[in-house]
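A.B. asks: Start counting the first sequence at 824; every next residue gets the next number (this note's numbering).
Every residue, glycine too, gets a C-beta built ideally from N, C-alpha and C.
These numbers come from a predicted model, not from an experiment.
Here you go, one structure.
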Amino acid sequence: MLLRMSTLFLRTLREDPADAEVPSHRLLVRAGYVRRAAPGVYTWLPLGLAVLHTVERVVREEMDRAGAQELRFPALLPREPYERSGRWTEYGELMFRLRDRRGNDYLLGPTHEEMFTLLVKDMYSSYRDLPLSLYQIQVKYRDEPRPRAGLLRGREFVMKDSYSFDLDDAGLQRSYERHRAAYVRTFDRLGLDYVVVAAMSGAMGGSASEEFLARCPIGEDAYVRCASCDYAANTEAVRVPAPPPTDPSAAPSAHVEDTPGTPTIETLVELLNARDDLRRPDRPWTAADTLKNVVVKLVHPDGRAEPLVVGVPGDREVDLKRLEAHVGPAVPEPMTEDDFAAHPALVRGSIGPNVLGADKGVRYLVDPWVAPGTRWVTGANEPGRHVVDLVYGRDFTADGTVEAADVRDGDPCPRCGAPLRIDRGIEIGHIFQLGRKYAEALDLTVLDENGRQVVVTMGSYGIGISRLVATIAEQTHDERGLCWPRAVAPADVHVVAVGQAGQAEAADKLAADLEAAGLRVLVDDRGVSAGIAFTDAELLGIPTIVVVGRAFAEGQVEVRDRRSGTRRALPLEAVVSELAGR
RNA sequence: CGGGAUGUAGCGCAGCUUGGAAGCGCGCCGCGUUCGGGUCGCGGAGGUCGUGGGUUCAAAUCCCGCCAUCCCGACCA
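Put into structure tokens, the structure is as follows:
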């Protein structure tokens, strides 16, 4: 492959586009790899498409190696399968819907579990056909409420999705492990810095699930990692270890106290510490001794809304993202003034457990930090009064527990107790053990060796291919521009000619020789000034830059490494063997 | 959906406060010049000032509505 910049469909931009914030987005647009077509929708220009294709190829090779078979569904899908699985409703606004001239409903596929399941149901009916893994690399559509950061969160994006079909749980486990191994190989080959973390299965349903997160400060996912053991989890999926049980009989009976002028946790703690009769003998009161009952509105997919009260320690916030992972597909939202007006029993700022509970019409869940035997100060359901020494399990109970309190840097590891470190990442892959949810809904069964109908168990596995392009750019760029790893660069060598004493001709010949030696070559034959040629070469980010310039008169060229910036002189005739022999 | 900001030439922006002939830089076209880090000079092409209404002799500028985009929070590959 030989690309000449004089004819390549490319225009680099000197300035950052106004709508781009994160580095990968800015650089991919400036370097002429992609262009925005609509919010969250991008056009792939020749160089960008080359990178996309390379990433696809690596993914494809590893999926094939893992024994999965490629096929491809349409992006335009009929309503019916999604109606059957319940997702026509569950997916809500996130789904692009359209109608044909006859008034039939269609959608642009946000994911394809239904289609795969139905296809296998159509074609297979025996346990002898299993196990089976199928995949496709395809464009997905999701009407994201907020597309962001260029390719990182688009409304149209390229995804590799695969599905495994097994007769039993052990088979599913094997298929899952194969996919996991294939993902590790794929992301290693692409040169990514990533972690594998425990995840919630979310809207997909099912049980075990892990995410592959590329470490990156602008990532949208927060995860924790244990400093001492190998525990790692998305913050949504962290399980807080229950505090050691305390002896409730050691606590005095609960008593209501007048606490005027304490609208906030902070003022309440201050007052508790200031009152001689309430002061703790062992240590001062802190916000962590208070129980905060936060009201949220739980909105169900069918539009129904109900209040839900979540009890968390007063020094922590309710993390709506974590909460949602446990109450999905319902979505928790903050309460509005109107919502509070509809529930006069809930006195804002003073909500106590004795008015809560499913039996009283308001569902009440507590975070695991609120464990049996723990002692709390909390609201007494009227302004200016609080209950002290209220013991969970003795004085009040909830309808259940839910992991909802925010996770902090330094929180104990659920496995070994060492402090957790919190960090951010970009979700580049997600693997699920779906189980039988879709197979049951769509009636995918096979006959086992005894001739009995058995429901198939499934796994679902995704890689965000277009997102990977941006993620790699994000992890590898520097202040001068893109800086591709060799495995995904749109070319191997960028040849630049500067000067007029025959350099252009020599560069062109060198480029042709490099191509003949099997390298992918980009040559800057535009005849622009050296400054422009060098700056663009650094912006485009091809790993090796060869300069045919000043030293050409002595038969020398300069070979630069884009990443390290190192430069060395080589005789012109040695370049091909040197670079091709890499 | 809540909060913040922005819409003026292909791109990046000024002009708006205080209404009075649409500007600058980059890019693009032509001629010359220069040639290892965005050379310099001369001459050009290119704009319904997001949109609808209002005020006014006169609106990019003032007022009202709408639309769009970006950023920050709740969703996901």
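Can you grab the Cα-Cα spacing for the pair Met1027 / Leu1257, in whole Å?
C.D. replies: Its pLDDT being 45, under 50, Met1027 is placed unreliably by the model, and nothing is read from it.
A.B. asks: Over what stretch of residues does the beta strand (DSSP E) that includes Val1079 continue unbroken?
C.D. replies: 1078 to 1081
A.B. asks: If you reduce the DSSP assignment to three classes, tell me which class Gln892 lands in.
C.D. replies: strand
A.B. asks: Using DSSP bridges, identify the partner residues of Met1281.
C.D. replies: DSSP output for Met1281 lists Phe988, Gly1258 as bridge partner(s).
A.B. asks: On the DSSP letters alone, give me the boundaries of the beta strand (DSSP E) that Ile1368 sits inside.
C.D. replies: 1367 to 1371
A.B. asks: Quick one: grab the DSSP three-state call for Glu1297.
C.D. replies: helix
A.B. asks: Using the C-alpha atoms, what's the distance from Phe1357 back to Leu850?
C.D. replies: 16 Å
A.B. asks: Does Ala1050 pass the burial test, meaning 16 or more other C-beta atoms within 10 Å, or should it be called exposed?
C.D. replies: exposed
A.B. asks: Return the chain-ordered ranges of every alpha helix (DSSP H) run that is complete within the stretch 881 to 932 and spans a minimum of 4 residues.
C.D. replies: 903 to 908, 910 to 913
A.B. asks: Helix, strand or coil for Arg834 per DSSP?
C.D. replies: coil
A.B. asks: Under the three-state reduction of DSSP, which class applies to Val878: helix, strand or coil?
C.D. replies: helix
A.B. asks: For a test of the three-state rule: what should DSSP assign to Gly1028, helix, strand or coil?
C.D. replies: Only weak support exists for where Gly1028 lies, its pLDDT of 46 falling under 50; the value from the coordinates is given anyway. Of the three classes helix, strand and coil, the one that applies to Gly1028 here is coil, per DSSP.
A.B. asks: Whose C-beta lies closer than 8 Å to the C-beta of Cys1239 among residues of the same chain, with five residues either side of it excluded?
C.D. replies: The residues are Cys1049, Ser1051, Cys1052, Tyr1054.
A.B. asks: In terms of residues, what are the limits of the alpha helix (DSSP H) holding Ala1335?
C.D. replies: 1326 to 1339
A.B. asks: Kindly indicate the opening and closing residues of the alpha helix (DSSP H) around Asp1359.
C.D. replies: Its alpha helix (DSSP H) spans residues 1353 to 1363.
A.B. asks: Please go through the stretch 1036 to 1067 and give each complete beta strand (DSSP E) segment of 3 or more residues, from N-terminal end onward.
C.D. replies: 1044 to 1049, 1055 to 1057
A.B. asks: Straight-line CA distance for Thr1113 to Pro1242?
C.D. replies: 23 Å
A.B. asks: Just to confirm the assignment, what range does the beta strand (DSSP E) spanning Pro846 have?
C.D. replies: Secondary structure note for Pro846: it is in no beta strand (DSSP E), and the uninterrupted alpha helix (DSSP H) holding it is 846 to 853.
A.B. asks: My assumption, with CB atoms under 8 Å, is that Met824 sits in contact with Glu1401. Please give the rounded CB distance.
C.D. replies: About 19 Å; that fails the 8 Å criterion.
A.B. asks: With burial defined as no fewer than 16 other Cβ atoms inside 10 Å of the residue's Cβ, what is the status of Glu1302: buried or exposed?
C.D. replies: exposed
A.B. asks: With H, G and I counted as helix, E and B as strand and the rest as coil, what does DSSP make of His1253?
C.D. replies: strand
A.B. asks: Taking buried to mean at least 16 other C-beta atoms within 10 Å of its own C-beta, is Arg837 buried or exposed?
C.D. replies: exposed
A.B. asks: In whole angstroms, what is the alpha-carbon distance linking Glu1263 and Gln1276?
C.D. replies: 12 Å
A.B. asks: Does the distance from the C-beta atom of Glu1297 to that of Val845 stay below 8 Å?
C.D. replies: yes
A.B. asks: Just to confirm the assignment, what range does the alpha helix (DSSP H) spanning Asp945 have?
C.D. replies: It spans 936 to 946 - the alpha helix (DSSP H) in which Asp945 sits, taken as one unbroken run.
A.B. asks: If you run the structure through DSSP and keep just helix, strand and coil, what is Ala1021?
C.D. replies: strand
A.B. asks: Quick check: what's the CA-CA separation for Thr1082 versus Glu1059?
C.D. replies: 35 Å
A.B. asks: Restricting to Cα atoms, I'd like to know which of Met982, Ala1022, Thr1009 is closest to Arg1145.
C.D. replies: Ala1022
A.B. asks: Skipping 5 residues on each side, what residues in its chain have a beta carbon closer than 6 Å to that of Asp1138?
C.D. replies: Ala1110, Ala1111
A.B. asks: Output yes or no for whether 8 Å exceeds the beta carbon distance between Ile1174 and Val1118.
C.D. replies: yes
A.B. asks: On the three-state DSSP scale, how would you describe Met824?
C.D. replies: coil
A.B. asks: Is Ile1245 helix, strand or coil by DSSP?
C.D. replies: The answer is strand: DSSP assigns Ile1245 an E or B state.
A.B. asks: Report yes if the C-beta distance between Leu900 and Leu941 is below 8 Å; otherwise report no.
C.D. replies: no
A.B. asks: DSSP beta-bridge partners for Asn1116?
C.D. replies: Gly1134
A.B. asks: Who pairs with Leu955 in a beta bridge, going by DSSP?
C.D. replies: Paired residues: Phe988.
A.B. asks: What's the gap between the Cα of Ser956 and the Cα of Arg1244?
C.D. replies: 36 Å
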